Every structure is written in C-alpha cells, then in structure tokens.
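*Asks:* This is the structure I want to talk about, given as structure tokens.
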Amino acid sequence: MLLKLLPSMVFLLFVFGTSTHSYSQTDNQVKPLQQIFFDANVASPLTQKELGFIREVYGDNSESDILNRPQRLKDVKNILRNRVEFMHAPNKDLSSFAKLSSVPLFDFYNKSLTRDVILDKTNFNPLKYQFAFDSRQKTKMYLFDNSSYLVVIKSQNPQ
Numbered sequence: 000m001l002l003k004l005l006p007s008m009v010f011l012l013f014v015f016g017t018s019t020h021s022y023s024q025t026d027n028q029v030k031p032l033q034q035i036f037f038d039a040n041v042a043s044p045l046t047q048k049e050l051g052f053i054r055e056v057y058g059d060n061s062e063s064d065i066l067n068r069p070q071r072l073k074d075v076k077n078i079l080r081n082r083v084e085f086m087h088a089p090n091k092d093l094s095s096f097a098k099l100s101s102v103p104l105f106d107f108y109n110k111s112l113t114r115d116v117i118l119d120k121t122n123f124n125p126l127k128y129q130f131a132f133d134s135r136q137k138t139k140m141y142l143f144d145n146s147s148y149l150v151v152i153k154s155q156n157p158q
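In numbering that gives the first Met the number 0, the protein residues as written are 0 to 158.
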C-alpha cells in the first residue's frame, strides 16, 4: 500500500514545492540598476583636498582600497564632486529630518575619526559618515545638528 502512495506523494511534493518556489522568485525580483553616468569632472585628477579626505578615512588602506582601483576612485570622486550638497533652510521646521549625529562614522580604518561639530562646507568630508551612497533610494537629507542646514546626499541612480 505504501509503495502505491509513494509516487503520488513525490508528485505532490514536486508540484507544491515548485509552485511555491516560483512564486517567491517572481515576488522578490528586483529591478536592475540603471547605468550610472558620471559628470565630465570625474575624469579630472584628485585635488589635494580630496586626497586628504580619502587618506583621513582610509589611512594606510587608501592606495589598495581606493587609489589603485580605477572604478572605486571614480565612484569616490563622483561622491565628493557631484553627490553631496548643502541646503540652507532658515525658518523651516526641520525636525522631521534625521540628524547627522545619527549617522554612524565610517571609522573602520581610522578609529580616531571625529564628527563635525561646526559646519564647514568647504572642509566637510562625507566619506567619514556611513551614508548609503550606493543605495537605490532617492536623495536623502540629514540635518546638521543645531543648525538650519541640511546635508543632501544625491542618489547615484537617476529617477
């Protein structure tokens, strides 16, 4: 009797197992990333300030993790030159924005990194913070603590 039921049970397991698996694949499909186009300024060599930003965060690993990896260097130059802006919003309620102090420091390579206490737009190093630079999300804004300035991180994916 058991031998007669075995083929039916195998068939049912196959049918239900396959249909469940196929549903999960179609439900979880993610749209492919769009191609990222860089502004022409990314082709220019690093400035001393940009090199300083990289060395501040990556320390002894600057060469191996950024400078000797052409695509990674291009990504970092794009972040520093095109994807971080500041917005002044005086007399606006900015309480709904996450504070910059809530973003963890990217101190994996340099444990002595410190947060910016005073906003200096010309010397702000966004590489120090764990912003989701490669996220599929749209532009994100963070309130520079105790100010009316927002740090704007533009998405790398055109919308």
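Even for Gly, the Cβ is constructed at its ideal location relative to N, Cα and C.
As the structure is a prediction and not an experimental result, all values here were calculated from the model.
How long is the line joining the alpha carbons of Asn40 and Lys91, rounded to whole angstroms?
*Replies:* Stepping through the sequence shown from its first residue, residue 40 is reached at position 41. Stepping through the sequence shown from its first residue, residue 91 is reached at position 92. C-alpha separation (whole angstroms): 33 Å.
*Asks:* Only counting runs of 4 or more residues, tell me where the alpha helix (DSSP H) segments fall wholly within the stretch 56–114, in order along the chain.
*Replies:* Runs found: 69–77.
*Asks:* For Pro89 and Ser147, I'd like the C-alpha separation in whole angstroms.
*Replies:* By 1-based counting over the sequence shown, the position of residue 89 is 90. By 1-based counting over the sequence shown, the position of residue 147 is 148. Going from the Cα of Pro89 to the Cα of Ser147 covers about 5 Å.
*Asks:* Identify, in the order they occur along the chain, each residue of the same chain with its Cβ nearer than 8 Å to the Cβ of Leu99, setting aside the five sequence neighbours on each side.
*Replies:* The residue labelled residue 99 in the question sits at position 100 within the sequence shown. Excluding positions up to five away in sequence, the list reads Arg114, Asp115, Tyr128, Tyr141, Leu142, Phe143, Asp144 and Val150.
*Asks:* Got a sec? Which residues, its chain only, sit under 8 Å from Leu112 by beta carbon, not counting five neighbours each side?
*Replies:* Locating residue 112 in the sequence shown gives position 113, where the first residue counts as 1. Excluding residues within five positions, the ones whose Cβ falls inside 8 Å are Glu55, Val56, Leu104, Phe105, Asp106 and Lys127.
*Asks:* Across which residues does DSSP place Tyr142 in a beta bridge pair?
*Replies:* As a first step, residue 142 is located in the sequence shown; it is residue number 143 there, counting from the start. Looking at the sequence shown, residue 142 is not Tyr but Leu. Paired residue(s): Lys98 and Leu149.
*Asks:* Buried or exposed: which applies to Asp74, given that a residue is buried once 16 or more other Cβ atoms fall within 10 Å of its Cβ?
*Replies:* Within the sequence shown, numbered from 1, the residue matching residue 74 stands at position 75. Buried: at least 16 other Cβ atoms inside 10 Å.
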